[in-house]
Amino acid sequence: MDQEPLECRVCQRLQLDSKPPAIDLPRLEHHFGQYEPEFELDSAPKKCCLWRLIRDLYLSWSGKNTPKESEYIFTCAPQSLRIFGIEGSSGEVVDPDPLSPATLARIRRWIDICDSSHERCQRDRNPLLPTRILDVGIGTSASQVAKLIVTDGQRGQYIALSHCWGTANQFMTTQATLPDMKAGFLPELATATFRDAIIIARHLGIRYLWIDSLCIIQGDTSDWQIQSSQMGQVYRNAYLTISASSASDDVEGFLTPRSPVYSTLEVVSPSGNRTQIHLRPPGLTATPITVPLDSRGWTLQEAYLSCRQLKFHKNKILWDCQTCCYDEAYTDQYNLKYQVIVNQSIDLLFPDRIGRTYSYHKWYDMIEDYSRRQLRFDSDKLPGVSGLASILANEDGARYCAGIWWEDIWYGISWEVDKAASRKPDCFIAPSWSWASVVGPVTFSDRRWNISYVPPQPLDLVTFHDCIIEHQGRNEHGEIKNGWIRLDAPIIPLQSTSGTSTTSGTSFEIPGTEKGEDRLRIRFDTQEENKDPLWVLFLTHAPGTWKTKQYFGNKAELSGLVIRPVCDISSDRCKKIILQTGDHQLYERVGFFDMTITETEGDFLSEGSVAEIVLI
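All letters in the sequence shown, in the order written, are residues 1 to 616 by UniProt numbering.
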């Protein structure tokens with residue numbers, strides 16, 4: 001199919017319709033004649049910003065008193081090349097060198113604007129330094145060593161680094177290397193990402209730099225427990241966080257040259273006036289949806305905790321703070337006018353008040369993202385968000401239970417695995433009712449499936465009595481060694497039947513309910529959990545009404561947990577639970593279910609089905 005000719009005569013003369021959209025364009029020129037009638041008459045195609053830009057240059061250089069267009073964005077379709085690098089355009093030239101004077105000056109300008117005028121971004125500018133920190137010195141000399149120091153209550157500004165460790169792990173602080181780190185090292189001897197972070201800190205005039213693998217003694221369990229419990233304050237108090245977004249391994253670095261993909265159009269008048277306009281194919285400076293840094297579990301917490309982030313992508317630098325976002329590929333004016341603030345902030349995780357209760361749905365939205373990320377050790381599952389949990393618990397007065405909030409515990413335990421590939425960790429990480437008890441993506445029961453899009457509510461027949469958590473080490477929001485919930489809830493045996501199989505490979509039904517395709521949906525936490533005897537524990541209903549005593553109506557949706565009695569109670573963990581809870585049956589969670597019922601089925605849930613159990 002032939003391509004329609006370009007409407008704009010400027011684009012026709014430059015033959016922009018013949019240029020491939022994703023390669024470097026040749027250098028172009030446009031020469032004005034002494035008289036350009038098409039620019040004198042207001043008969044131009046209104047869609048082409050390049051035509052309007054060249055018209056405005058012609059009128060300006062000819063001494064015509066005609067106002068300029070305020071914005072120049074794209075050339076004619078179908079190429080729609082983006083116009084940048086001239087007053088009135090939306091884009092900026094991205095220097096191939098991320099350390100060029102122009103690039104560094106722009107970064108400093110973003111920081112200065114934030115320091116001087118962003119009320120929401122104001123933090124203590126002289127905080128307590130973390131236990132250990134790198135002293136990178138003053139000035140930018142490459143021959144200056146960086147030293148690991150013990151701060152002993154010292155205060156000052158520091159930068160934190162958020163990065164992907166990768167697989168090399170060649171440069172870190174251990175008990176064996178601690179003396180050498182304190183003596184100092186040249187940046188060129190560090191891995192590339194650490195070297196680049198030191199360079200940026202020095203150029204920004206910030207003397208101290210915190211890097212987890214250098215400031216926490218690796219392999220020292222005691223130091224790890226102490227320092228990981230302080231992680232929340234480390235990133236929250238940092239002057240800013242450098243995010244090595246594009247590097248999947250510390251050996252890669254993030255100050256790599258950026259490829260210039262654009263063409264220069266030089267516009268020349270007979271009187272000698274000339275200027276350059278830059279054109280680039282659309283999408284080449286787009287912010288990627290995912291970057292390597294987003295695949296690591298720990299970095300999600302670091303992003304939420306950081307007040308300000310300087311993000312280094314392969315093709316540009318981004319600035320995110322609590323007030324605005326800047327994109328190096330666009331002018332600051334364009335950024336402020338059009339960029340949507342999408343920065344992650346711990347302020348977004350504080351609960352909403354719904355009636356007399358609190359909802360931590362935003363926390364669980366964050367956990368869904370976290371569960372899709374990679375952790376080197378399964379045991380990092382809870383420590384990886386402990387900094388966030390600590391701040392929320394301390395500032396909101398909430399009670400934290402193995403990744404879940406007591407204030408809406410019924411919702412927090414209503415998660416399901418998102419993929420059949422989920423597995424149990426190699427060691428005990430969390431009770432079976434916690435999302436942290438599985439390795440793999442999880443989702444939470446919400447507005448995905450209920451008829452009226454009213455959030456699910458707990459059944460009146462459900463009462464949570466208590467939740468006990470035994471912590472491992474000093475981090476009260478990190479690793480745990482035991483935990484259980486004592487509650488009253490309707491529980492009914494789950495019966496296997498012949499017929500269409502569920503996601504587990506076996507078909508089930510609940511006694512007292514009508515049979516039907518897709519009325520009962522069961523998702524087991526792992527493939528091997530489909531073993532009798534199984535029970536269903538009813539937790540929530542939707543939609544009905546907000547008055548929980550009237551939840552049936554014409555149709556209602558119920559959801560809850562698939563549980564199994566704990567038959568082997570000989571373990572020390574079970575013995576301890578029985579000793580503290582008394583003669584209650586222990587159950588473990590093995591899956592999640594939801595089902596649709598009609599008004600005529602409402603009687604199958606009654607007080608007679610309610611039992612007091614302990615969920616471990």
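From the three backbone atoms N, C-alpha and C, an ideal C-beta is built for every residue, glycine too. From a predicted model like this one, the values you see are computed outputs, not experimental measurements.
With residue i as the anchor, note down where its alpha helix (DSSP H) starts and where it stops.
| i | result |
| --- | --- |
| residue 182 | 178-183 |
| residue 102 | 101-117 |
| residue 360 | Neither: residue 360 is in no alpha helix (DSSP H) and is coded neither H nor E. |
| residue 337 | 332-338 |
| residue 56 | 49-61 |
How about residue i and residue j: are their beta carbons less than 9 Å apart?
| i | j | result |
| --- | --- | --- |
| residue 57 | residue 273 | yes |
| residue 220 | residue 174 | yes |
| residue 361 | residue 457 | no |
| residue 395 | residue 229 | no |
| residue 436 | residue 613 | no |
| residue 384 | residue 364 | no |
| residue 302 | residue 94 | no |
| residue 346 | residue 279 | no |
| residue 224 | residue 130 | no |
| residue 115 | residue 193 | no |
| residue 149 | residue 275 | no |
| residue 573 | residue 481 | yes |
| residue 326 | residue 90 | no |
| residue 300 | residue 231 | no |
| residue 513 | residue 520 | yes |
| residue 616 | residue 431 | yes |
| residue 559 | residue 524 | no |
| residue 158 | residue 108 | no |
| residue 561 | residue 608 | no |
| residue 410 | residue 462 | yes |
| residue 298 | residue 380 | yes |
| residue 311 | residue 256 | no |
| residue 171 | residue 151 | no |
| residue 74 | residue 282 | yes |
| residue 84 | residue 267 | no |
| residue 323 | residue 29 | no |
Name the DSSP bridge partner or partners of residue i?
| i | result |
| --- | --- |
| residue 464 | 487 |
| residue 576 | Answer is none; residue 576 lacks a bridge partner. |
| residue 312 | 317 |
| residue 511 | DSSP, once it has assigned bridges, lists no residue as partnering residue 511. |
| residue 84 | 91 and 278 |
| residue 482 | 470 |
| residue 72 | 89 |
| residue 155 | 128 |
| residue 32 | Answer by DSSP bridge pairing: none, since residue 32 is not bridged. |
| residue 496 | 508 |
| residue 477 | According to DSSP, which records beta bridges pairwise, residue 477 is partnered with nothing at all. |
| residue 459 | The partner list for residue 459 (beta bridge, DSSP) is empty, contrary to what the question assumes. |
| residue 145 | Its beta-bridge partners do not exist; DSSP assigns none. |
Tell me where the beta strand (DSSP E) around residue i begins and ends.
| i | result |
| --- | --- |
| residue 133 | 132-135 |
| residue 589 | 586-598 |
| residue 633 | With the chain covering only 1 through 616, there is no way to say anything about residue 633. |
| residue 564 | 555-565 |
| residue 10 | Run containing residue 10: none in the beta strand (DSSP E); it sits in the alpha helix (DSSP H), 9-13. |
| residue 64 | Neither: residue 64 is in no beta strand (DSSP E) and is coded neither H nor E. |
| residue 348 | Residue 348 -> no beta strand (DSSP E), and no H or E assigned at all. |
| residue 77 | Careful: residue 77 lies outside any beta strand (DSSP E) and carries neither H nor E. |
| residue 538 | 534-542 |
| residue 651 | Residue 651 is absent from the model: the chain starts at 1 and stops at 616. |
| residue 613 | 610-615 |
Hey, is residue i close to the ligand SAH, as in C-beta under 8 Å from one of its heavy atoms?
| i | result |
| --- | --- |
| residue 443 | Questions concerning the ligand SAH fall outside what the structure shown contains, since it holds no ligand whatsoever. |
Alpha helix (DSSP H) runs contained entirely in the region 371-455, provided each spans 4 or more residues: 386-396 and 409-412
Completely contained alpha helix (DSSP H) runs for the UniProt domain "Heterokaryon incompatibility" (158-302), where each covers 4 or more residues: 178-183, 192-203, 212-215, 221-228 and 231-236
Segment contact, 8 Å Cβ cut-off, at least three pairs: the region 233-247 with the region 148-162: yes
Three-pair Cβ contact test at 8 Å for the region 558-566 versus the region 583-590: yes
Segment contact flag, the region 317-326 with the region 183-194, C-beta cutoff 8 Å, min 3 pairs: no
Validate contact between the region 190-203 and the region 138-146 using beta carbons, cut 8 Å, 3 pairs: yes
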